[in-house]
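Numbering (my numbering), first residue to last: 5 to 195.
By construction, the Cβ of each residue, glycine as well, lies at the ideal position given by its N, Cα and C atoms.
Working notes, structure below.
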């Protein structure tokens with residue numbers, strides 16, 4: 005199966021256009037076909053060959069690399085979205101608990117009214133204190149959860165960046181580069 009069905013047609017068209025360009029050059033130059041004309045034609049032919057080779061042999065690795073990166077980034081985004089959903093569920097549970105706390109507070113208030121005025125004031129103060137503590141506790145839990153998630157996200161991003169940088173450095177530094185860098189460092193240390 006031919007993956008590039010138009011490639012032979014494009015190549016044939018390029019050769020025809022090149023031949024037509026040569027005939028124009030020969031028609032204008034009374035001296036005939038010169039070295040400059042040949043160089044210009046060969047540059048275009050070499051360019052066509054190089055472009056064909058790059059398209060044929062480098063296309064798959066580049067597309068594969070881009071697909072791998074796309075899948076990796078999509079996986080990271082999916083993971084972060086899952087964590088976000090988990091935190092949203094925790095926050096909604098905390099809000100639900102706050103609502104239940106408010107309902108309990110109302111029940112306590114009704115009982116206090118039935119028991120008497122003096123006892124009512126004492127229990128209202130206790131209930132308000134309990135509500136404040138519940139709210140502070142809930143806020144504290146939410147803040148801690150957000151801080152932990154933020155810290156975990158930062159740590160993962162730093163680790164991911166460090167891993168990517170380490171891989172990039174390992175790919176770029178050859179043994180000659182490493183020897184050159186060590187020699188530079190030793191020269192600087194000697195001074």
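- Cβ contact annotation for residue 109 (same chain, cutoff 6 Å, sequence separation greater than five): 131 and 135, in chain order.
- Within the stretch 61 to 138, the runs of alpha helix (DSSP H) at least 4 residues long that lie entirely inside it are, in chain order, 63 to 119.
- The three-state secondary structure of residue 10, taken from DSSP, is coil.
- Using a 10 angstroms sphere on the CB of residue 116, the tally of other CB atoms reaches 16 or more, which defines it as buried.
- In the three-state DSSP reduction, residue 177 falls in the coil class, being neither helix nor strand.
- The count of Cβ pairs closer than 8 Å, one atom from the stretch 40 to 52 and one from the stretch 88 to 108, stays below three, leaving the stretches out of contact.
- Between the alpha carbons of residue 144 and residue 151 lies a gap of roughly 10 Å.
- In this structure, residue 128 lies away from residue 107, with their beta-carbon atoms at least 8 Å apart.
- For residue 56, the closest C-alpha among the options 86, 85 and 12 is that of 12.
- Between residue 105 and residue 138, the C-beta spacing is below 8 Å.
- Each of 120, 66, 76 and 149 was checked against the Cα of residue 88, and the nearest Cα belongs to 149.
- In this structure, residue 146 lies near residue 98, with their beta-carbon atoms less than 8 Å apart.
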